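A.B. asks: The structure is given below, and queries will be raised subsequently.
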Amino acid sequence: MRVKVISRSADDFTRERSNDLQRVSRNYDPNLRPQEKAVEYVRALNAAKLDKVFARPFIGAMDGHIDAISSMAKNPSHLKGIFSGSMDGDIRLWDIASRKTVCQYPGHQGAVRGLTVSTDGRILVSCGSDCTVRLWRIPLASGIESDDSSNKVCTHILCYLNYDLLFFRAVDHQWEGDLFATAGAQVDIWDHNRSQPVNSFEWGNDTVISVRFNPGEPNILATSGSDRSITIYDLRTSSPARKLIMRTKTNSIAWNPMEPMNFTAANENCNCYSFDARKLEEAKCVHKDHVSAVMDIDYSPTGREFVTGSYDRTVRIFQYNGGHSREIYHTKRMQRVFCVKFSCDASYVISGSDDTNLRLWKAKASEQLGVILPRERKKHEYMEAVKNRYKHLPEIKRILRYYWPPIYKHLIEVDVDIDIDDFDVDICRHRHLPKPIYKAGLLRRTMANAEKRKEERRRAHSAPGSMPRKSLRKNRIIQEIE
Amino acid sequence: MEIHDVSDELDIKVKKYQRGEGADLESLKDKKLKGQLANKEELFKKSANAAAKAEKWLMQTEGGRLEPEGIEKTWRFHQQSIAKEVDVASRKNQFDLVLPDLGPYTLDYTSSGRYMVSAGRKGHLSIIDLHTLKPIKDMQVRETVRDVVFLHNELFFAAAQKKYTYIYNRAGTELHCLKEHGAVLKLQFLRNHFLLSSINKIGQLHYQDITTGQMIGNYRCGLGHSDVLELNPYNSVLTSGHSGGTVSMWKPTSQAPLVKMLCHRGPVTAIAFHPNGHLMATAGMDKKLKIWDLRKNEVIQTLPGFAKSLDFSQKGMLATSTGSFVQVLATSDSQDYSRYMIHTMAKGYQINKILFRPYEDVLGIGHSNGLSSILIPGSGEPNFDSWVANPYETSKQRREKEVRVLLDKLPPEAIMLDPTQIGNLRNTRNKEKPTQQETEAEKAAAIAAAKNVTLKKKTKGRSKPSKVARKKQEGIEQAKRSFVEQHKDDGVLKKKQKRIMDASDLPVALLPFVSRKTT
Chain P
1 MRVKVISRSA DDFTRERSND LQRVSRNYDP NLRPQEKAVE YVRALNAAKL DKVFARPFIG
61 AMDGHIDAIS SMAKNPSHLK GIFSGSMDGD IRLWDIASRK TVCQYPGHQG AVRGLTVSTD
121 GRILVSCGSD CTVRLWRIPL ASGIESDDSS NKVCTHILCY LNYDLLFFRA VDHQWEGDLF
181 ATAGAQVDIW DHNRSQPVNS FEWGNDTVIS VRFNPGEPNI LATSGSDRSI TIYDLRTSSP
241 ARKLIMRTKT NSIAWNPMEP MNFTAANENC NCYSFDARKL EEAKCVHKDH VSAVMDIDYS
301 PTGREFVTGS YDRTVRIFQY NGGHSREIYH TKRMQRVFCV KFSCDASYVI SGSDDTNLRL
361 WKAKASEQLG VILPRERKKH EYMEAVKNRY KHLPEIKRIL RYYWPPIYKH LIEVDVDIDI
421 DDFDVDICRH RHLPKPIYKA GLLRRTMANA EKRKEERRRA HSAPGSMPRK SLRKNRIIQE
481 IE
Chain V
483 MEIHDVSDEL DIKVKKYQRG EGADLESLKD KKLKGQLANK EELFKKSANA AAKAEKWLMQ
543 TEGGRLEPEG IEKTWRFHQQ SIAKEVDVAS RKNQFDLVLP DLGPYTLDYT SSGRYMVSAG
603 RKGHLSIIDL HTLKPIKDMQ VRETVRDVVF LHNELFFAAA QKKYTYIYNR AGTELHCLKE
663 HGAVLKLQFL RNHFLLSSIN KIGQLHYQDI TTGQMIGNYR CGLGHSDVLE LNPYNSVLTS
723 GHSGGTVSMW KPTSQAPLVK MLCHRGPVTA IAFHPNGHLM ATAGMDKKLK IWDLRKNEVI
783 QTLPGFAKSL DFSQKGMLAT STGSFVQVLA TSDSQDYSRY MIHTMAKGYQ INKILFRPYE
843 DVLGIGHSNG LSSILIPGSG EPNFDSWVAN PYETSKQRRE KEVRVLLDKL PPEAIMLDPT
903 QIGNLRNTRN KEKPTQQETE AEKAAAIAAA KNVTLKKKTK GRSKPSKVAR KKQEGIEQAK
963 RSFVEQHKDD GVLKKKQKRI MDASDLPVAL LPFVSRKTT
């Protein structure tokens, strides 16, 4: 006979010296781990709960300006710096890591309305209500870090005065190239080396309030005007390309850096609209949740989400294709938000508001800051994966914000009057909100439902087909002009 | 040819890690979902392949085996002859502890198989470290002890004593007295859920959460006396065998048993579960040993003989004991269990409990004269996983593991017959409309029920035949009416649709009037 029994020597499974690592042996047999699905589910639930527990998005405020922040710009070649301009004409460069002013740029007589940085990160362009465009030299990154005791004061290298003495409302630099565009009574295209605009565009008599260059095609830019229009220009042709007129004004535009044909417009009617620039007759997605006008918008460099700042004193983060916000940031002291920026590494959000402060937020509210050890990172990745796997289950769905809780969905389907899209997500998720925003959300919902009900009745009492249903994505668009 | 063999072998290994069939993608209509699921399936396949390939490197310890040569039969080998062949370290696993005074003994192992707790009926409790074979604690409680069970690690164990159940720590200090359980006959501990469950003399099943002390469930079995309580490791469903021959399965969140099946014509004496959860073995006083397929709840094999105690090993061998005789059954390529090894204790010994030691080829025997341990080659899982159960665990690792396991503690609701159901969505297919025949049959049944209703006898002339007849007629009308109304609803809808169809033929100017009439 041949006999063999399991025989282990302790030496093979224990460490020799106390400073050795403990030996690990693995066996992936599913029979050794009964109920692994239940265990995974519990882990997913715990991970979702921990996410909420550790959600501390606010890092700090950057105090220094003595008037409301009106514009911001990030430096594409320097991660830590951010420029901010205020209503009193002060421009500052901040070091995000230390949250201190590094440089000041005095010179503007009135509010700074637009700030932008050239692609190489050398030159800062500002424009303001004193009808001037000023170009400033940015100190080198090494120079910024060497002295942190006292602020540097820089002077502008060039200053161009608008010949008609008209306000400038916005400025944006090309992603690649030497041109920048200012918006005001008209759209002007400038070169760094010329004192006069190279080109000017005009379509209608109304003021242009924002301008953004396309990240993919350097010659295309989009503007929005106070005549409720969004216009797309091509610098290679002498006339504007297309124009879209909406029911309400668009305050700001941001192109998606990863899908450069798409842009999102921050609208006065509390919503953001994502458009495909090739197909303007219908919005690709309507992003709702704000309760007051959306003032500014900026895309994350990943192109998967964007941040918006609103007159309702909140900052929200949306998925690029999500109808409702994934996150809402607010503090007691933060007033109306005029400008927001995503940091160049997609991990922070900076907001500038009426209360003269810049605020620094984490883009993922529960993310752990600092260096993460590989084991820790693996654990985070595992938790993320499990959460993703079980996100459709009611308990987990209730905690995570991306999805609809089924109970409410059920209620909505029963109530014929209320459309699922009009049901405010924050309200049914029992998420804490400042009282005014909560109330405003409720009010907006009531109004929207009343309007909907009225329209339904009107439709019921008019000839069939005479009042076609218009989808939400088309509803706010009046016309498109070629 | 050889390459072919290797790939076949790998296929068998991969199957083990695939955890069943993949999702049926063909029947899906949603293309996006189909794509996502196809990606997932691809990932699962890859990970199963990787695990199968890594086996060669990760699973270094060789399993045990017993191979006869020529006309030898495996069951003819005695423990003495095995002892001659195996190494010294393994020979240490064969031992007899003669404790004639306080028996018969029962025993339990920790999940890693390193520690054994044993209890003599007359009050002897001891914990032994099986690596060093030294007792950690030896004590006398001077009271009947009916059962003993380790909690989540070797630091705590629970003993069912004469009146109450007690929890002791390793040093023998009494930590808790669980009075609510009553006079407990059998104890079981649900490791993933931290539930201590017991069945007592009056047939009550208790579930107590040992982390919070909360009593999760307290149910009366109501099926007669029961001193058999086993845990299905696959889904944590508790199973009790009763004196009437029924076997019932329980979960802590429902009062009624999940399954109630008549297994034997006589009291059930022992139950055991295969670690993969598909097989159950039961033994009864009707001199039968039955092996059940739990997926269909059907007998797949019936063997003759009594069994006082049963246990499945990690590799699926089944040990049975009667009197002083132990038999181990094993499956070969076919499904049926057949004799593999036998062992006879000294005459007069009454075996109380047999239990395979995890991760070793060892069978522990508790009997009237002490404790024994014999070698059963090929019964245990040769490779342990440090993160599941580590026999060489240090105290620091044990502490860390305790925290980790507590974080993953499952809620009692997670216990169900099919644990793979968790995470699945319930099928929300709309109910199909009943056919006309069905509705008619239903209507007839409702009318018949209304006719046959017996009315209560009432006083003051309210039970006059005329009144009774009228009442019955009302009931019948009521039953009819409900069906008529249903039918009417359908009719109204159809009419409405028809009118709308007519309206579309009219000139636009007239349309408002038409719609007003219809609504």
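Protein chains in written order, with the numbering used here: chain P, 1 to 482; chain V, 483 to 1001. In this text, a Cβ means the ideal position worked out from N, Cα and C, and glycines have one as well. Remember, predicted model here, so these are calculated numbers, not experimental data.
How many Å lie between K829 of chain V and F807 of chain V at the Cα?
C.D. replies: About 9 Å.
A.B. asks: Where do the N-terminal and C-terminal ends of the beta strand (DSSP E) with D95 of chain P fall, by residue?
C.D. replies: First-last of the beta strand (DSSP E) with D95 of chain P: 91-95.
A.B. asks: Between the Cα of V198 of chain P and those of P:V286, P:T264, P:F180, spot the shortest distance and give me the residue it belongs to.
C.D. replies: Residue P:F180 is the option with its Cα nearest to V198 of chain P.
A.B. asks: Whole angstroms is fine: what's the gap from G787 of chain V's alpha carbon to P916 of chain V's?
C.D. replies: Spanning the two alpha carbons is a distance of roughly 53 Å.
A.B. asks: Report yes if the C-beta distance between E863 of chain V and K797 of chain V is below 8 Å; otherwise report no.
C.D. replies: Going by C-beta atoms, E863 of chain V is nearer than 8 Å to K797 of chain V.
A.B. asks: For D421 of chain P, which residues in the same chain have their Cβ closer than 6 Å to its Cβ, ignoring the five residues on either side in sequence?
C.D. replies: Any reading at D421 of chain P must be qualified, since the residue scores a pLDDT of 41, below 50, and its modelled position is unreliable; no value is offered.
A.B. asks: Looking at the C-beta of K644 of chain V, does it have a partner C-beta in chain P at a distance below 8 Å?
C.D. replies: Chain P, which has no Cβ nearer than 8 Å to the Cβ of K644 of chain V, makes this no.
A.B. asks: So for P260 of chain P, helix, strand or coil by DSSP?
C.D. replies: P260 of chain P falls in the coil class under three-state DSSP.
A.B. asks: Classify V53 of chain P as buried or exposed, calling it buried when 16 or more other Cβ atoms lie within 10 Å of its own Cβ.
C.D. replies: Exposed: under 16 other Cβ atoms inside 10 Å.
A.B. asks: Tell me whether the region 32-41 of chain P and the region 654-674 of chain V touch, counting them as touching only if at least three CB pairs, one residue from each stretch, are closer than 8 Å.
C.D. replies: Counting Cβ pairs under 8 Å, three or more are found: they touch.
A.B. asks: I'd like the ranges of any alpha helix (DSSP H) spanning at least 4 consecutive residues and lying wholly in the region 131-214 of chain P.
C.D. replies: Entirely contained in the region 131-214 of chain P, the alpha helix (DSSP H) runs reaching 4 residues are, in chain order, 141-146.
A.B. asks: Assuming F338 of chain P contacts G309 of chain P under a Cβ cut-off of 8 Å, what Cβ separation, rounded to an integer in Å, is found between them?
C.D. replies: F338 of chain P to G309 of chain P, Cβ: 7 Å. Contact.
A.B. asks: Give me the chain V residues within the contact set of D51 of chain P, using Cβ-Cβ distance strictly less than 7 Å, ordered along the chain.
C.D. replies: Residues of chain V passing the Cβ test: none, with the nearest at roughly 15 Å.
A.B. asks: Straight-line CA distance for M743 of chain V to P757 of chain V?
C.D. replies: Distance between the alpha carbons of M743 of chain V and P757 of chain V is about 21 Å.
A.B. asks: Is the CB of Y716 of chain V under 8 Å away from at least one CB in chain P?
C.D. replies: Yes, contact with chain P.
A.B. asks: Out of curiosity, what's the CA-to-CA distance linking Y819 of chain V and I847 of chain V?
C.D. replies: Looking at the two C-alpha atoms, the distance is approximately 21 Å.
A.B. asks: Residues of chain P with CB under 8 Å from R501 of chain V, in chain order?
C.D. replies: Ordered by position in chain P, the residues that pass the 8 Å Cβ test against R501 of chain V are P30.
A.B. asks: I'd like to know if F13 of chain P contacts chain V, where contact means its C-beta is closer than 8 Å to some C-beta of that chain.
C.D. replies: Closer than 8 Å: yes.
A.B. asks: Quick one: is V425 of chain P buried, meaning 16 or more other Cβ sit within 10 Å of its Cβ, or exposed?
C.D. replies: Legend: pLDDT at V425 of chain P = 47, less than 50; position of this residue unreliable, value from coordinates given subsequently. When all chains shown are included, V425 of chain P counts as buried.
A.B. asks: Which word fits A653 of chain V, buried or exposed, when buried means at least 16 other C-beta atoms lie within 10 angstroms of its C-beta?
C.D. replies: It is exposed - the Cβ of A653 of chain V has fewer than 16 other Cβ atoms within 10 Å.
A.B. asks: Write down the C-beta distance between V810 of chain V and M799 of chain V rounded to the nearest angstrom, noting that I regard them as a contact closer than 8 Å.
C.D. replies: With a Cβ gap of about 6 Å, V810 of chain V and M799 of chain V count as contacting.
A.B. asks: Do D90 of chain P and K80 of chain P come within 8 Å of each other at the CB atom, strictly closer than that value?
C.D. replies: It is not a contact, given that the beta carbons lie outside the stated cut-off.
A.B. asks: Are any of the Cβ atoms in chain V nearer than 8 Å to that of N27 of chain P?
C.D. replies: Closer than 8 Å: yes.
A.B. asks: Hey, would you say P873 of chain V sits closer than 8 Å to G595 of chain V, going by beta carbons?
C.D. replies: The answer is yes: Cβ separation under 8 Å.
A.B. asks: Quick one: what's got a C-beta closer than 7 Å to L899 of chain V's C-beta in the same chain, skipping five residues either side?
C.D. replies: Once the five neighbours on either side are set aside, the close Cβ partners of L899 of chain V are N717, V719, L740.
A.B. asks: So with CB distances below 8 Å, who are the chain P contacts of M762 of chain V?
C.D. replies: Here the premise fails: no neighbours, minimum Cβ distance about 15 Å.
A.B. asks: On a CA-only basis, which of P:R316, P:P374, P:N388 is nearest W361 of chain P? Give me that one, please.
C.D. replies: Closest option to W361 of chain P, Cα to Cα, is P:R316.
A.B. asks: Which partner residues of N713 of chain V appear in the DSSP bridge assignment?
C.D. replies: Per the sequence shown, residue 713 of chain V should be read as Leu rather than Asn. V:L720, per the DSSP bridge assignment.
A.B. asks: Tell me the DSSP secondary structure of E780 of chain V in three-state form.
C.D. replies: It is a strand residue.
A.B. asks: Contact criterion: CB-CB distance below 8 Å. Does S9 of chain P meet it with respect to chain V?
C.D. replies: It does: the Cβ of S9 of chain P has a partner Cβ on chain V nearer than 8 Å.
A.B. asks: Give me the chain P residues within the contact set of D890 of chain V, using Cβ-Cβ distance strictly less than 7 Å, ordered along the chain.
C.D. replies: Near D890 of chain V (Cβ distances below 7 Å), the residues of chain P are V39, V42, R43.
A.B. asks: In whole angstroms, what separates the C-alpha of L711 of chain V from that of R558 of chain V?
C.D. replies: Approximately 33 Å between the Cα atoms of the pair.
A.B. asks: Who are the neighbours of H380 of chain P on chain V, taking C-beta pairs under 7 Å?
C.D. replies: Correct list: empty, because the minimum Cβ distance to chain V is about 15 Å.
A.B. asks: Can you list the residues of chain P that R547 of chain V reaches, using a CB-CB cut of under 8 Å?
C.D. replies: Ordered by position in chain P, the residues that pass the 8 Å Cβ test against R547 of chain V are R2, V3, K4.
A.B. asks: Would you mind reading off the limits of the beta strand (DSSP E) that contains R458 of chain P?
C.D. replies: Premise fails: R458 of chain P lies in the alpha helix (DSSP H), 435-460, not in any beta strand (DSSP E).
A.B. asks: Between C745 of chain V and G726 of chain V, which are expected to be in contact by the criterion C-beta below 8 Å, what is the C-beta distance as a whole number of angstroms?
C.D. replies: The pair is not a contact, with the Cβ atoms about 10 Å apart (cut-off 8 Å).
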